[in-house]
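A short write-up of the structure that comes next.
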Amino acid sequence: MSTTHETPTRGSSRDREIVEAKVIVTCPGRNFVTLKIVTRSGVEGLGDATLNGRELAVASYLTDHVVPNLIGRDAGQIEDIWQFLYRGAYWRRGPVTMSAIAAVDVALWDILGKMAGMPIYQLLGGRSREGALVYGHANGRDIAEASDAVGRFIEQGFLAVRAQCGVPGIKKAYGVSNARGYEPAESELPLETTWNTPRYLGVVPKLFEQLRADHGADVELLHDAHHRLTPIEAARLAKSLESYRLFWLEDATPAEDQKAFELIRKHSVTALAVGEVFNSIWDCKHLIENQLIDYIRTTIVHGGGITHLRRLADFAALHGVRTGFHGATDLSPVTMGAALHFDTWVPNFGIQEYMFHTDETDAVFPHDYVLRNGRLHVGDTPGHGVTIDEKLAAKYPYQPKQLPIARLEDGAMWNW
C-alpha cells in the first residue's frame, strides 16, 4: 500500500531522490501493468502502463530500459525526465514507448502531489468543474435488447450512454457482450471474427431511431464504429445519423490518413471523435488544426502521461476541440484517477468514457473517485488518489490474452 503522511513531505532534492522503481503485473479479471516509484523520503507514486494484449512488452521496456535510468534522479524534475525518456531513446513515439513514459510521468505527478499535500488537479491549476460527465456502455444482441440496456443506464443516473447492437448475420459484433462489462481480450490467441459493412450500415440508423423513440431527446447518445469503415462509408453513416443528434460518432474510419476525415466533414455535421489509439500530438495535428474532429480521445496512459496530454489539450483548445478520453476497462483505476484529475482541471473538457471495473480490480486498486448523478468526482487525497494492494495483486498472476481480429466474409483481413 502507498505510504501516507500526516503532513506534506516537501524536503530537499535528496528527499526527492528516486531510490526504487518496480513493475507490478497483475490480473484481477484482466491484466494490468503498474509502475511504482519510491523516493528516499519514502513517498510512493503509481503509474499505469497497461497496453491491452501487449502488456508484457511495456513491462519489459520499463524493467529493462527505463527503471535503471530512474534510480538516483530527482522525482520533482518531471519535465526533464519526460524529455529524457522521449528524446533520449531516439526511437520516438509508438504505443509501447509512450505507455512506458506515461507510467513514469503519472507516478511522478502522484509523488509531487503527495509531497505538496495537494491533489493533482490543484497542481494543474485547480477546478474548472465539480464533476466530469461520463458515458456508460450499453449493448444488446438486437435493437430491442440494446434499448433496454440504455434504459438501465439512464435509471442508474447516467446522462450519456454509448449504444452498440448486434448486426444481423454476424456472430460476434463489436461492443456486444452478455457480461457486466465488455472485455474483448478474451483468449490467449486472437479470436477471429467476421465483418459485413453493408449489414452494419443498415442496422445502426434503425438502432438510434428506436433509442430516440424510447428514451427521448435529453439523453446524450454515442456510437463507436471502431475503425471499420472506409471514409465514404463513414460519411454515409454520419449523414444517416444526423437527425438523431449523436453526442459523437467515434472512430468512424482509421485515422492513419488524417485527411480522410475531410471527406466525412464534407458530407455530415455529426460530431466526430477519434484518438484512443493515438500516442502523440503528431497523430492528430492535421485533424485538430483543420477542425476535422470535435473530440480528441487520446488517453493519458497511451499518450505519454499528463505532461504530454496537457500540451495536446491546450493545442486542441485553440481549435475548438474538446477532450473525450478513452476509459475502458483496459485502463487501470490508476489511469482513471489521473484522467479525472485532468478532466476536473482542463478547460476544454467534453466527456469521459467510464466502464465499471470488476470488484477484484477495485479491491486491488483502492481509489477515492466516486460516481454520482452521471458524473465522476475526484477526492482531495494528495496525488491522484489511487493506491495498490500489492499482496492482493500478487494473488492474480498474469494471464495471456489478446484482442480479436476481424475478417471480411471472403476471408480477407479487416480492421477490428
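Numbers in my numbering are just positions in the sequence shown, counted from 1, shifted up by 4.
Ideal placement from N, C-alpha and C gives every residue a C-beta, glycine not left out.
{"Asked": "For Ile-158, the three-state DSSP class (helix, strand or coil)", "Found": "helix"}
{"Asked": "CB contact flag (Val-29, Val-23, <9 Å)", "Found": "no"}
{"Asked": "Buried versus exposed call for Phe-360 [16 or more other C-beta atoms within 10 Å across all chains shown]", "Found": "exposed"}
{"Asked": "Contacting residues, own chain, Cβ-Cβ under 6 Å from Ala-332 (five flanking each side not counted)", "Found": "Met-359"}
{"Asked": "Validate contact between the segment 265–277 and the segment 85–100 using beta carbons, cut 8 Å, 3 pairs", "Found": "no"}
{"Asked": "Pair within 9 Å by beta-carbon distance, Glu-224 and Ala-164", "Found": "yes"}
{"Asked": "Assumed close pair Leu-226, Thr-257 - CB separation to whole angstroms, cut-off 8 Å", "Found": "17 Å between Cβ atoms; not a contact."}
{"Asked": "Three-state secondary structure assigned by DSSP to Asn-377", "Found": "coil"}
{"Asked": "Neighbour-count burial assignment, Leu-412, 16 or more Cβ in a 10 Å radius", "Found": "exposed"}
{"Asked": "Which residues DSSP lists as bridging Thr-43, in chain order", "Found": "Ile-22"}
{"Asked": "Touch test, the segment 91–107 against the segment 130–150, Cβ-Cβ under 8 Å, three pairs minimum", "Found": "no"}
{"Asked": "Residue environment, Asp-334, which counts as buried when at least 16 other CB atoms sit within 10 Å", "Found": "buried"}
{"Asked": "Exposure label - Asp-255; buried when at least 16 CB within 10 Å", "Found": "buried"}
{"Asked": "Helix, strand or coil at Ser-181 [DSSP, three-state]", "Found": "coil"}
{"Asked": "Simplified DSSP state of Asn-143, which is helix, strand or coil", "Found": "strand"}
{"Asked": "Contact set for Tyr-400: own chain, Cβ-Cβ below 6 Å, skip 5 residues either direction", "Found": "Thr-30, Cys-31 and Pro-32"}
{"Asked": "Beta-carbon contacts of Ser-16 that lie in its chain and below 7 Å, excluding the five residues immediately before and after", "Found": "none"}
{"Asked": "Limits of the unbroken alpha helix (DSSP H) element including Gln-126", "Found": "124–128"}
{"Asked": "For Phe-319, the nearest candidate out of Thr-303, Cys-288 and Ile-304 (CA to CA)", "Found": "Cys-288"}
{"Asked": "Alpha-carbon to alpha-carbon, Thr-348 and Tyr-357", "Found": "This sequence places Glu at residue 357; Tyr is not what is there. One C-alpha to the other measures close to 14 Å."}
{"Asked": "Coil, strand or helix - Tyr-299 by DSSP", "Found": "strand"}
{"Asked": "Three-state class that DSSP yields for Ser-191 in the structure shown", "Found": "strand"}
{"Asked": "Cutoff 6 Å; reference Gly-140; Cβ partners in own chain excluding five residues on either side", "Found": "Phe-157, Phe-162 and Val-165"}
{"Asked": "Residue(s) in a DSSP beta bridge with Val-165", "Found": "Gly-140 and Leu-225"}
{"Asked": "Nonlocal neighbours in the same chain, by C-beta distance under 6 Å from Gly-383, ignoring five residues either side", "Found": "Asp-372 and Gly-389"}
{"Asked": "His-345 versus Arg-131: straight-line alpha-carbon distance, rounded", "Found": "9 Å"}
{"Asked": "Unbroken beta strand (DSSP E) run spanning Ile-75, endpoints", "Found": "Segment: none, Ile-75 is in no beta strand (DSSP E) and carries neither H nor E."}
{"Asked": "DSSP bridge partner residues for Glu-48 (one or two, in chain order)", "Found": "Val-42"}
{"Asked": "Beta-carbon gap between Gly-117 and Gln-126 smaller than 9 Å", "Found": "yes"}
{"Asked": "Ranges of the beta strand (DSSP E) found wholly within the segment 334–406, counting only runs of at least 3", "Found": "374–376 and 379–381"}
{"Asked": "For Ile-297 and Ala-321, the rounded distance between their alpha carbons", "Found": "12 Å"}
{"Asked": "Anticipated Cβ contact below 8 Å, Asn-352 with Ala-317, distance rounded", "Found": "6 Å"}
{"Asked": "C-beta contact flag for Trp-113 and Gly-387 at 9 Å", "Found": "yes"}
{"Asked": "4 or more residues per run - each alpha helix (DSSP H) lying fully within the segment 254–298", "Found": "264–271 and 289–293"}
{"Asked": "Minimum C-alpha distance to Arg-240 - residue among Val-338, Arg-301 and Tyr-204", "Found": "Tyr-204"}
{"Asked": "Cβ-based neighbour list, Leu-267, same chain, cut-off 7 Å, excluding 5 preceding and 5 following", "Found": "Pro-235, Ile-236 and Ala-239"}
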